[in-house]
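Chains as they are written, first to last, in the numbering used here: chain A, 14 to 345; chain B, 14 to 345.
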């Protein structure tokens, strides 16, 4: 069986994309054989603005229901696979939509939101982001939010959280948590990548790591597919094969203005480009082997070329996330 | 079989109460054998404040799940009957929660809202309320909202709407609509009661009228149960027995301050007491035969005493609403 034929049979899950969606981008997902994708509804929006973003997706589902469908339970991902559609999983990259209101966790869960980051780069009402100089860990409100997310079935995402906040969240949460899009620090030094200690604590508690393809998380566009898949093989050796998948952090068709919003929201007059070390702080170039989600078959090929067995490749490409979501999306 | 034994077997539905709920009030519902009640979440609240009110109900369901449960489909009403609980149907007495945003119709439907009034006494973005001097009918936005409510399965309620707005809504809506709480003008003259022409148009389109027990809709607390049930028998003679039920408009434990909010929201510096012709414009006295929802068995008794057959009484007490909700709560 060719890698391409193997890929076509897989449940392929991308645990984070931040793209500015249109029909053409949805078609890229289909071209890449993507069964389900976790889409970003929010970076800094409050509750009311989040309702707008949810409303926009409802319209999208009306307009493009022939190729995409909403995912509220893991069964919906299987239904998407059977129907040849891509399932859309709603998520927030920040806790801003719940404002200071514990009740909004259930409200947004009822609106289909299944994954929420506790922090986005900065200190939030819950904990510290990965760009803060100081990390006080999980706040009083944060403990309440974690318990409520555990209760309703909303997955805690620590991708942009600082180390202490992340370790405490893993400890406090009674259900496994996720880092949907990041890589090991040992592969590439960067504020968004994660220490081996943190990744081991994550896996030991039953959690999941999604490997990012974002250029600043892999050491730039020149990083080879072989090196990238080598990192995955090394991480599998460290954590076991059941705790990893992909969260590409793909950012398609986002304007320079939107990049400013992602980075600076309303909290700074200056644009803080973080680790964006490109000239002018704009969007980086992506590696030639992952230009768009249509390139997902390259990842299957790369893992097979690294000598990973077909069963393990199936887990990494989507099987692990499917298992994790089957438990994690349900109320207690 | 005694009236009380007959009542115990019935599915009893109250298509509107506006009470300030607490445990004791929920117990009154159980004492009255109320299978389901349409509760008021909103008079003038915007989208964000409405999320708060929904969040409060989520907490209520956690705290009092032994006696109440949420209703999203008609089947939930049957489940409530089987479990000896009261089903709670979410509704808005105004269109204020959707602001000027068509997308919020589906958003609130997903949050469980199943009934929405197009107007509350005043002109809204959709149409005219029953206290306005002039009635322009359904607005451009209103036509969009009606179509969207039809699509998602949210019932249009015209209880506080003016006549032309109501007739146009019945005409424009492709699904039957409701007047959840009002009485015929021919029984009692009042701005909130409805003309025979409107009621006939409502019934002919498959709609439902819920009879109110609110003192200002029946001619005061001295109106007898016999006279009230006589009105029901007369209305059954006019509309047929399949288009009527109850919507008591019961208002328990609402403070004077809340009465001001209901009547004047943020739109007037003066309190407009409307038809509240009590001294000081406060809460009126209720008839001795309907002091609280625990008195619901009196209505069954009154209808039987009027000579209505048991099958017809079962329809009026809740069977008609159950049939109407079975169709009306579902998306198209």
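Here a beta-carbon is modelled for each residue, glycine too, at the ideal position from N, C-alpha and C.
Can you tell me whether residue 14/A is buried or exposed? The criterion is at least 16 other CB atoms within 10 Å of its CB, across all chains shown.
exposed
Taking only runs of the beta strand (DSSP E) that begin and end inside the region 227-270 of chain B, which ones reach a length of at least 3 residues, in chain order?
257-259
For residue 259/A and residue 336/A, what's the separation of their Cα atoms in angstroms?
14 Å
Contact criterion: CB-CB distance below 8 Å. Does residue 60/B meet it with respect to chain A?
yes
Does the region 271-290 of chain A come close enough to the region 20-27 of chain A to have 3 or more Cβ pairs within less than 8 Å?
no
Hey, would you say residue 124/B sits closer than 8 Å to residue 120/A, going by beta carbons?
yes
Note the first and the last residue of the continuous alpha helix (DSSP H) segment covering residue 310/B.
Looking at the DSSP string, the run of the alpha helix (DSSP H) that includes residue 310/B is 309-318.
Give the interface partners of residue 100/A over in chain B, defined as CB-CB distance under 9 Å, in chain order.
Here the premise fails: no neighbours, minimum Cβ distance about 17 Å.
Just to confirm my understanding: we take residue 344/B, look at its own chain, exclude 5 residues before and 5 after, and list those with CB closer than 6 Å. What are they?
165 and 166
Would the region 188-199 of chain B count as touching the region 218-226 of chain B if we require 3 or more Cβ pairs under 8 Å?
yes
Pull up the CB-CB distance for residue 111/A and residue 52/A, whole angstroms please, since I reckon it's below 8 Å.
About 18 Å separates the two Cβ atoms, so there is no contact after all.
With H, G and I counted as helix, E and B as strand and the rest as coil, what does DSSP make of residue 142/A?
In the structure shown, residue 142/A sits in a strand (DSSP, three-state: E or B).
Looking at C-alpha atoms only, which residue of 70/A, 103/A and 78/A is the closest neighbour of residue 85/A?
103/A
Would you decide whether residue 105/B is buried or exposed? Buried here means 16 or more other CB atoms lie within 10 Å of its CB.
buried
Taking only beta-carbon atoms, is residue 72/A less than 8 Å away from chain B?
yes
So residue 187/A contacts chain B; which residues on that side make the cut at Cβ distance below 8 Å?
Near residue 187/A there are no residues of chain B at all, since even the closest Cβ is about 17 Å away, more than 8 Å.
State yes or no: is the C-beta of residue 193/A within less than 8 Å of the C-beta of residue 208/A?
no
Name the chain B residues that come within less than 8 Å of residue 123/A, Cβ to Cβ?
123, 124 and 125
Residue 16/B: which of 160/B, 304/B, 201/B and 315/B sits nearest, CA to CA?
315/B
In terms of DSSP beta bridges, what is residue 168/A paired with?
128/A
Tell me residue 174/A's beta-bridge partners as DSSP assigns them.
Checking the DSSP bridge columns, you'll see residue 174/A partnered with 142/A.
Could you compute how far the alpha carbon of residue 68/B sits from the alpha carbon of residue 34/B?
14 Å
Do you know offhand how far residue 236/B's Cα is from residue 300/B's?
7 Å
If you count every other CB in all the chains shown that lies within 10 Å of the CB of residue 195/B, and 16 or more means buried, which is it?
buried
Would you kindly check if the distance between the Cβ of residue 203/A and the Cβ of residue 230/A is under 8 Å?
yes
Taking 8 Å as the threshold (C-beta atoms), are residue 115/A and residue 161/A in contact?
yes
Is the CB-CB distance between residue 244/A and residue 200/A below 8 Å?
Going by C-beta atoms, residue 244/A is nearer than 8 Å to residue 200/A.
Which residues does DSSP list as the beta-bridge partners of residue 83/B?
Paired residues: 101/B.
Spell out whether any CB of chain A is found under 8 Å from the CB atom of residue 35/B.
Interface with chain A (8 Å Cβ-Cβ cutoff): residue 35/B is excluded.
How is the beta strand (DSSP E) around residue 24/A delimited, first residue to last?
Taken as a continuous stretch (DSSP letters only), residue 24/A belongs to no beta strand (DSSP E), as it is neither H nor E.
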